[in-house]
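Mapping to the working numbering: the sequence shown position 435 is 441, numbers consecutive. Ideal Cβ placement from N, Cα and C applies to all residues, glycine included.
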Amino acid sequence: MTEKIERQGMTWHHFGVVITCMVALFTCVAMIFICAGLCYRPVAAHFGCQVSDVSFYITCVYIGSTIAPIPASWLFERINPRIFFTGALILTSVPYFFNSMWPSVQCMWAAGIVIGIGLAILEYTMTAGMLSRWFHTNYGTAIGVSFACTGAGGIVWNLVGQHLLRADLSGWPQIYQYYAVIMFFATLICIWAFLDRTPEKVGLLPYGMPLAAEEAAEEESLETPEEPGFTLKEAPHQPFYWTMMLGCGCLNIVTTLSQLFATYVQFLGNEGWEGQAIVALLLLSGTLESFASAGQMIGKVLVGIIESHSLLAAQIMGVCGGVTGLLLIWQMPKIFGEAGVWPMFFGGALYGLMYACSTAMIPFLIKECFGGKDYDRIYSIQVCLYNLLGGFGATGWAILMQTYGWDAFFMFSLAEVVLTFVLIAYTGIAAYKKREKTWYVSDAKLVTEAA
């Protein structure tokens, strides 16, 4: 009979870190990314420009998010985390507030870069980085539950946003102003109430860490021993490193599709397929995105749970949801008109299952494939490419839609989903085979070696 391993349990410190990450994602990330499409059309009309010019603002957010992760991971080790993340929150919320009053769309672009720098620190350095330090087991579940809050936020803030926006789309300045104030104060309170850099700082261990593995260390200090895994120099020599980089980046391109869902609904309500406008959608600009957010909220929890047992199964769920959801969004209102509206919304929820993989799966995938030795540095490099390609998608999809129409938009998006998951599936399968021969150590073996 296998001896039961004693592990670090859950404390209010562990729970508080998760709560902080959840609040930041529920407000900052959901408001900035998932609700972005609400304002594309009215802001374009305000400045007298194309929708793609406004969507380039989100590309600039991604550019800022590309710049930030590597220096942020270095600064994180040297600055009090509460001060560091408060600074990131200021960079995120203040320029977002002023999006309601910039004199030109170019000012929004510049603000987007600053917002992206702050947002990347909150979304990646704080969330993935802090949780990796505070959770030895159930890390995938903690990531999934935390990132599910972007979906929950998407539901709430898209519905609130469509109410603020009104049928004539004149309320877009209030969206930026109200959301900026909410994201700042809600996240600030949690940062100062709950965050500590590591559990060792408060005399604890990461959740689920075998206590026996720390007995020797406890006599001298409560420093966690170095985790096994590939070093930053070793990782690029593995072919699955490059498919991971490209696949995860392509996954972010796919997620930026949703930023045009509100524009698509506004198209259906004002013009419609073959000139048959679905007038009932005029007051429902954010509803499709809210359904997609509901899908990703549920999907992120499911991904977090499923990937802990089978990474491939979580990937299959994602690709099936993405393909089916996009087909329903595209074809239901086209074929059935107003009768296709609710099937279209249901398609948004299925698409959300694929969207969930972008944030709930990627941190877990990297830690599973490359271990914890250089996790922060490998992850920060991946995040740079992830955001760079996401920035390309944010504007690229809008240009594709404007140039070739919605049919081309959906055809290319379906092809992108399939390519993305082929790359990610290969990454997981190849990495699992390699790690068994190199660095992987089970918890049972870890306890035996400590004894």
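Distances from the CA of Ile368 to each of Phe91, Gly135, Val29 and Leu266 were compared; the closest alpha carbon is that of Gly135. Between the C-alpha atoms of Thr401 and Leu266 there is a straight-line separation of about 10 Å. Of the candidates Cys41, Ile195 and His142, the residue whose Cα lies closest to the Cα of Met28 is Ile195.
In this chain, Glu240 is not harboured by any alpha helix (DSSP H), its DSSP state being neither H nor E. Excluding residues up to 5 positions away in sequence, Leu274, Trp279, Ile284, Gly346, Val347 and Met350 lie with their Cβ nearer than 7 Å to the Cβ of Pro339 in the same chain. In this structure, Gly397 keeps its C-beta atom at 9 Å or more from the C-beta atom of Ser79. No Cβ-Cβ contact shorter than 9 Å links Trp178 with Ala36. Three or more Cβ pairs closer than 8 Å define a contact, and the stretch 312-330 falls short of that threshold against the stretch 186-193. Between the alpha carbons of Pro245 and Tyr392 lies a distance of about 18 Å. With respect to the 9 Å criterion, Ala414 and Ala355 are not classified as neighbours on the basis of their beta carbons. Residue environment for Ser138: buried (at least 16 other C-beta atoms within 10 angstroms of its C-beta). Taking C-beta separations shorter than 7 Å and ignoring five residues to either side along the sequence, the partners of Phe141 in its chain run Ala148, Pro212, Tyr213 and Gly214, following chain order. Where Ile259 is concerned, the enclosing alpha helix (DSSP H) starts and stops at Pro245 to Thr261. As computed with DSSP, Tyr381 is found in no beta bridge at all. Boundaries of the alpha helix (DSSP H) around Trp18: Trp18 to Ala30. In the three-state DSSP reduction, Arg441 falls in the helix class (H, G or I).
Nearest to Ala42 by C-alpha distance, out of Glu129, Leu406 and Tyr182, is Tyr182. In this structure, Tyr438 places its C-beta atom within 9 Å of the C-beta atom of Glu374. Across the structure, Ile73 and Gly358 are spaced so that their CA atoms are roughly 27 Å apart.
When DSSP reads this structure, Pro216 sits in a beta bridge with Arg13. The Cβ neighbour count for Asn276, taken over all protein chains shown within 10 Å, is under 16; the residue is labelled exposed.
At a Cβ-Cβ threshold of 9 Å, Gly150 and Gly378 do not count as neighbours. In the DSSP assignment, Tyr63 falls within the alpha helix (DSSP H) that extends over Val57 to Ile73. Across the set Gln302, Leu263, Val389 and Ala362, the C-alpha of Leu263 shows the shortest separation from the C-alpha of Phe418. Within the DSSP secondary-structure output, Phe190 pairs in no beta bridge.
Tyr270 sits buried, since 16 or more C-beta atoms from the chains shown fall within 10 Å of its C-beta. When Ser110, Gly93 and Ser291 are compared, the shortest CA-CA separation from Leu125 is found for Gly93. Arg84 sits exposed, since fewer than 16 C-beta atoms from the chains shown fall within 10 Å of its C-beta. In terms of Cβ geometry, Ile121 and Ile40 do not form a close pair [threshold 9 Å]. If the five residues before and after Leu332 are omitted, its C-beta is found closer than 8 Å to the C-beta atoms of Leu263, Gly353, Tyr357, Phe416, Ser419, Leu420 and Val423, all from its own chain and listed in chain order. Listed as beta-bridge partners of Phe141 by DSSP are Tyr213.
Here the C-alpha atom of Pro87 lies approximately 20 Å from the C-alpha atom of Ile384. Here Met107 carries a coil assignment [DSSP, helix/strand/coil]. With a 10 Å radius around the Cβ and a threshold of 16 neighbouring Cβ atoms, Glu442 comes out exposed. Going by C-alpha positions, Phe153 is about 6 Å away from Thr365. In the DSSP annotation of this structure, Ala345 is not part of any alpha helix (DSSP H), being labelled neither H nor E.
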